[in-house]
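Structure, as structure tokens:
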Amino acid sequence: SEHKNADGRSYYYNAVKMESTWDKPQVLVEWEAKIAALQQPQQTVASPEDSGEGSIVPLQETPEEVPMETNEKEVEEEVKKEEPEEKTEEQKNVDKSRPVSSTPVSGTPWCVVWTGDGRVFFYNPSQRASLWEKPEELIGRADVDKMIQGPPDSNKGAGKEEEEPPAKKSKMEPEEPEEKKDGGKGTIDVGKEAAIEAEVQAARQRAVVPLEIRMKQFRDMLAEKEVSAFSTWEKELHKIVFDQRYLLLTSKERKQVFEQYVKERAEEERREKHRKLREKKDSFRQLLEEAKLHGKSSFSEFASKYGKDERFKGIEKMRERESIFSDYCSDLRRKEKEEKSTQKEKLKSDFIQLLKETSDIDRHSRWSEIKRKIDSDSRYKAVDSSSRREDWFKDYVRKLEDKRDKDKDKDKDKERDREKDRDKDRERDEDSDDERKEREKQEKQERIEASIRKRTEEVERSLSSSLRERDKEREQHKKDEAVQLFNALLVDLVRNSEASWRDTRKQLRKDHRWELAELLDREEKEKIFEEHIESLFKRNKEMFHKLLDETNISLVAGWKEVKKVIKEDPRYSKFSSSDRKREKEFSDYMHEKYVQAKADFRELLKETKLITYKSKKLIEESDSHLKDIEKILENDKRYLVLDCAPEERAKILLAYVEDLHRRGVPPPPTASEPSRRSTK
1 SEHKNADGRS YYYNAVKMES TWDKPQVLVE WEAKIAALQQ PQQTVASPED
51 SGEGSIVPLQ ETPEEVPMET NEKEVEEEVK KEEPEEKTEE QKNVDKSRPV
101 SSTPVSGTPW CVVWTGDGRV FFYNPSQRAS LWEKPEELIG RADVDKMIQG
151 PPDSNKGAGK EEEEPPAKKS KMEPEEPEEK KDGGKGTIDV GKEAAIEAEV
201 QAARQRAVVP LEIRMKQFRD MLAEKEVSAF STWEKELHKI VFDQRYLLLT
251 SKERKQVFEQ YVKERAEEER REKHRKLREK KDSFRQLLEE AKLHGKSSFS
301 EFASKYGKDE RFKGIEKMRE RESIFSDYCS DLRRKEKEEK STQKEKLKSD
351 FIQLLKETSD IDRHSRWSEI KRKIDSDSRY KAVDSSSRRE DWFKDYVRKL
401 EDKRDKDKDK DKDKERDREK DRDKDRERDE DSDDERKERE KQEKQERIEA
451 SIRKRTEEVE RSLSSSLRER DKEREQHKKD EAVQLFNALL VDLVRNSEAS
501 WRDTRKQLRK DHRWELAELL DREEKEKIFE EHIESLFKRN KEMFHKLLDE
551 TNISLVAGWK EVKKVIKEDP RYSKFSSSDR KREKEFSDYM HEKYVQAKAD
601 FRELLKETKL ITYKSKKLIE ESDSHLKDIE KILENDKRYL VLDCAPEERA
651 KILLAYVEDL HRRGVPPPPT ASEPSRRSTK
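The sequence shown begins at 1 in UniProt numbering and counts up by one.
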């Protein structure tokens, strides 16, 4: 509102912001210009030809927030006073030129706008610009051609000529360009009157409806218009700007609600994505359970058999499938190992029980004799390895010896107690000297006999131990011979480093040398087989590396180009049948070669006498010193091999120069270490 001070000078007061200013606000300036325009005779609308075809005219922005609470009634009364009661014929023609419909074009920020007089133009709300000619991105679109053939509903549009423009289009409706005297370009002005009226109605509604309800309706609108959770406000504006609920919030509130909405939607979509991924992984694990796998199963066999299953295809990346498969097989191997351990303990307990039931086993028993007595028992046959049976038997006999020693100790304790009792009895009784001497003689004889018995037992134990060691050495010799025979069998029959124990075992059983290695149990044979496979793989790996060395490839060479050169060599196919394994080994080889090249280059820098602690200062003063260093280094292969990585090479060189500069002047060769200097 306008006021005057004591000097008669005008100032302006904003009751909403509770601020005063000497300068007239822009809102009042625009309203005065609007009133003046209504009092002047209306000009005719310029044709598209006069306004310049294909020109982009920026639309005048309508203020989103007008302080309605204080000056709303004053503005309306002011407009009503200046507005004529009846429109002239010329004014009605201007009203007909106003927009009556706007249709957004899907996938673009453009809208097709029809006016009351049956004309059509194109409006971009993001750039706030209008075009009479069709924009480039709409050329050739059938849906746009259909939109511009005729207005959506001419009757409805004609009926709306007498009404005020809808609130949802108030901010987007451009006016027809006005004809200028000089015949220049026309401009399309925004229908401010309709926009202000829509804002007035929206402000009244905002004053009545609580903020929570308006925010909820605005969020419902965002959901109905399918606003993307990963888009921006500017890109999604064309979807919602024509909806009546768009004006329920102020500009600041709209963006706040929009940002909160897209944040929540993005979080929901991420959770949904994680849930679906978890379900796919669960389905894949269920497929693994149905496949009846074992610890030695390979992923290639599983993939070839179940590759068409939907649960297999549910995991998109092959690497992730293989990772889940490997984890599952690891669990299976762990369970199988636990089951084997449990079964082994049960076999051992049953075998020990069998030995306990055999009555004639003592600490002097021999395995060769006892074996014939119990070899028909099922508990004996259940143990596959003969060496394991013998070891368990020896452990059992050793425990018998320990038990016997404990029993002897107990007997000695009892004897000692009895001796004490006898001493007490002797103290109570008054024995004669003859009886005492006889008793001492008897005790001495008992001690001699006990000593003889003890010595005899020690001799027997020593003999038993030596015999046991001899038998053990003989058994070990037989076992070593069996290992050599089995290794020879593997060398003759197994030459593929990718062979599996499960498949190869069937082939090995057909050879007569398999029976010669019967002293080895299944686990020992499998271990020897794995060691043989490992040696084959190492030999093939060395040959593959030698092939790559002979190719003279650069440090940045790719697998595809190298593969074309070496694929005809037999060492290429002999390394592995899997191209993925060959590529992985190639990557490891290139990485090691690159690391070694950098280490060799650092060693070359140490050997270069031109590089000293003064080099950094000389390089900073002039580039000639650096060029001299590079000229010397170019004569060495260790420098040239890094031509493929000049930046890394320069980085290593500068780092070495910096390190020398930081260390400073090196000590003379004759200088002793500080710790060795004498403190005289």
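By construction, the Cβ of each residue, glycine as well, lies at the ideal position given by its N, Cα and C atoms.
Practice task
Give the secondary structure of S642 by DSSP, where H, G and I count as helix, E and B as strand, and everything else as coil.
Solution key: Within the sequence shown, the letter at position 642 stands for residue 642. Here residue 642 turns out to be Leu, not Ser, going by the sequence shown. In this structure, L642 counts as coil in the three-state DSSP scheme.
Handout entry: Boundaries (first-last residue) of the beta strand (DSSP E) holding L131
Key = On the sequence shown, residue 131 is found 131 positions in, with the first residue counted as 1. Here the beta strand (DSSP E) through L131 covers A129 to L131.
Handout entry: Straight-line gap, I528 to K538 (C-alpha atoms, nearest Å)
Key = Here the question's residue 528 lines up with position 528 in the sequence shown. Here the question's residue 538 lines up with position 538 in the sequence shown. Rounded to whole angstroms, the separation of the alpha carbons of K538 and I528 is 15 Å.
Problem - At least three beta-carbon pairs within less than 8 Å, the region 213–222 to the region 246–258 - result: Contact between the region 213–222 and the region 246–258 is present, with at least three C-beta pairs closer than 8 Å.
Exercise for the section: Check whether the Cβ atoms of V383 and L355 lie closer than 7 Å to each other. Expected result: Position 383 of the sequence shown holds residue 383. Position 355 of the sequence shown holds residue 355. For V383 and L355, no; Cβs fall outside 7 Å.
Handout entry: Backbone CA spacing between E449 and R455 [nearest angstrom]
Key = Working through the sequence shown from its first residue, we reach residue 449 at position 449. Working through the sequence shown from its first residue, we reach residue 455 at position 455. Spanning the two alpha carbons is a distance of roughly 10 Å.
Handout entry: Cβ neighbour criterion (16 or more within 10 Å) applied to K337
Key = Numbered from its first residue, the sequence shown carries residue 337 at position 337. When all chains shown are included, K337 counts as exposed.
Problem - Unbroken beta strand (DSSP E) run spanning residue 686, endpoints - result: With the chain represented from 1 up to 680, any question about residue 686 goes unanswered, as that position is not in the structure.
Problem - Beta-carbon proximity check, I324 vs F299, cutoff 7 Å - result: On the sequence shown, residue 324 is found 324 positions in, with the first residue counted as 1. On the sequence shown, residue 299 is found 299 positions in, with the first residue counted as 1. No, Cβ-Cβ distance for I324 and F299 is not below 7 Å.
Exercise for the section: Express the C-alpha separation of V491 and H532 in angstroms, rounding to a whole number. Expected result: Within the sequence shown, numbered from 1, the residue matching residue 532 stands at position 532. Within the sequence shown, numbered from 1, the residue matching residue 491 stands at position 491. Whole-angstrom Cα-Cα distance: 8 Å.
Practice task
With a 10 Å radius around its C-beta and 16 neighbouring C-beta atoms as the bar for buried, classify T21 as buried or exposed.
Solution key: The residue labelled residue 21 in the question sits at position 21 within the sequence shown. So T21 ends up on the exposed side.
Exercise for the section: Run the CB neighbour count on L138, radius 10 Å, all protein chains shown included, and call it buried at 16 or more, exposed below. Expected result: Residue numbering aside, residue 138 sits at position 138 when the sequence shown is read from its first letter. Buried is the call here.
Practice task
Excluding the 5 residues preceding and the 5 following V556 in the sequence, name in chain order all residues of the same chain whose CB lies nearer than 8 Å to its CB.
Solution key: In the sequence shown, counting from the first residue as 1, residue 556 sits at position 556. Once the five neighbours on either side are set aside, the close Cβ partners of V556 are C644 and A645.
Practice task
Assign S20 to one of three DSSP states: helix, strand, or coil.
Solution key: Position 20 of the sequence shown, counted from the start, is the residue given in the question as residue 20. Reduced to three states, the DSSP call for S20 is strand.
Exercise for the section: Would you mind reading off the limits of the alpha helix (DSSP H) that contains N540? Expected result: Here residue 540 refers to the residue found at position 540 when the sequence shown is read from its first residue. R522 to T551 is the extent of the alpha helix (DSSP H) around N540.
Problem - Simplified DSSP assignment, three categories, for N487 - result: As a working mapping, residue 487 is identified with position 487 in the sequence shown. In the structure shown, N487 sits in a helix (DSSP, three-state: H, G or I).
Problem - At least three beta-carbon pairs within less than 8 Å, the region 289–303 to the region 265–272 - result: With a cut-off of 8 Å, the region 265–272 and the region 289–303 do not count as touching, because too few Cβ pairs lie within range.
Exercise for the section: Enumerate in chain order the residues of its own chain whose CB-to-CB distance from Y589 is below 7 Å, with the five nearest sequence positions on each side excluded. Expected result: Here the question's residue 589 lines up with position 589 in the sequence shown. Hits under 7 Å: H545 and L548.
Handout entry: Uninterrupted alpha helix (DSSP H) stretches inside the UniProt domain "FF" (276–331) (no shorter than 4 residues)
Key = Listed in chain order, they are 299–306 and 310–313.
Exercise for the section: Taking all protein chains shown into account, decide if G54 is buried (16 or more other Cβ within 10 angstroms of its Cβ) or exposed. Expected result: Within the sequence shown, residue 54 is the residue found at index 54, counting from 1. Only weak support exists for where G54 lies, its pLDDT of 38 falling under 50; the value from the coordinates is given anyway. Counting the other CB atoms within 10 Å of its CB gives G54 a total below 16, which places it among the exposed residues.
Practice task
Using DSSP bridges, identify the partner residues of F121.
Solution key: Stepping through the sequence shown from its first residue, residue 121 is reached at position 121. When beta bridges are read from the DSSP output, F121 appears opposite V113.
Practice task
In the DSSP assignment, find the unbroken beta strand (DSSP E) run with S101 in it and report its ends.
Solution key: Walking along the sequence shown from the start, residue 101 turns up at place 101. Note, S101: beta strand (DSSP E), P99 to P104.
Practice task
Can you grab the Cα-Cα spacing for the pair K574 / S106, in whole Å?
Solution key: For the purposes of this step, residue 574 is taken as the residue at position 574 of the sequence shown. For the purposes of this step, residue 106 is taken as the residue at position 106 of the sequence shown. When rounded, the distance between both Cα atoms is 59 Å.
Problem - Per-residue burial, E49 [other beta carbons within 10 Å of its own, 16 or more giving buried] - result: Locating residue 49 in the sequence shown gives position 49, where the first residue counts as 1. Model confidence at E49 stands at a pLDDT of 36, short of 50, so the residue's coordinates are unreliable; what they give is reported in the following sentence. Classification of E49: exposed, given that the 10 Å Cβ count is below 16.
Practice task
Give me the Cα-Cα distance between E289 and W501, rounded to the nearest whole angstrom.
Solution key: Indexing the sequence shown from 1 puts residue 289 at position 289. Indexing the sequence shown from 1 puts residue 501 at position 501. Distance between the alpha carbons of E289 and W501 is about 23 Å.
Handout entry: Inter-stretch contact (C-beta, 8 Å, three-pair minimum) for the region 605–612 and the region 647–659
Key = Verdict: yes, contact present.
Exercise for the section: Specify the secondary structure class of S613 as computed by DSSP and reduced to three states. Expected result: Along the sequence shown, read from residue 1 onward, the residue named residue 613 stands at position 613. The identity of residue 613 in the sequence shown is Tyr, whereas the question assumes Ser. Three-state result, Y613: coil.
Exercise for the section: Compute the distance between the beta-carbons of R638 and F601, then report whether it is under 7 Å. Expected result: For the purposes of this step, residue 638 is identified with residue 638 of the sequence shown, where counting begins at 1. For the purposes of this step, residue 601 is identified with residue 601 of the sequence shown, where counting begins at 1. With a cutoff of 7 Å on beta-carbon distance, R638 and F601 are scored as near each other.
Practice task
Kindly list the residues whose CB is nearer than 7 Å to the CB of I374, restricted to its own chain and excluding five residues on each side of it in sequence; keep chain order.
Solution key: In the sequence shown, the residue the question calls residue 374 occupies position 374. Taken in chain order, the residues that qualify are L354, T358 and Y380.
Handout entry: For Q149, the first and last residue of its enclosing alpha helix (DSSP H)
Key = As a working note, residue 149 is residue 149 in the sequence shown. No alpha helix (DSSP H) holds Q149; DSSP gives it neither H nor E.
Handout entry: Alpha carbon of N124 to alpha carbon of Y11, nearest angstrom
Key = For this step, residue 124 is matched to residue 124 along the sequence shown. For this step, residue 11 is matched to residue 11 along the sequence shown. A straight line joining the alpha-carbon of N124 with that of Y11 spans about 39 Å.
Handout entry: Where T250 falls: helix, strand or coil (DSSP)
Key = Position 250 of the sequence shown, counted from the first residue, corresponds to residue 250. T250 falls in the coil class under three-state DSSP.
Practice task
Inspect the beta-carbon positions of L489 and D503 and report whether they are closer than 7 Å.
Solution key: As a first step, residue 489 must be located in the sequence shown, where it is residue number 489. As a first step, residue 503 must be located in the sequence shown, where it is residue number 503. Contact annotation: L489 and D503 have beta-carbon atoms that are not nearer than 7 Å.
Problem - Cα-Cα separation between E133 and V120, rounded to whole angstroms - result: Numbered from 1 along the sequence shown, position 133 holds the residue referred to as residue 133. Numbered from 1 along the sequence shown, position 120 holds the residue referred to as residue 120. Taking the straight line from one Cα to the other gives about 9 Å.
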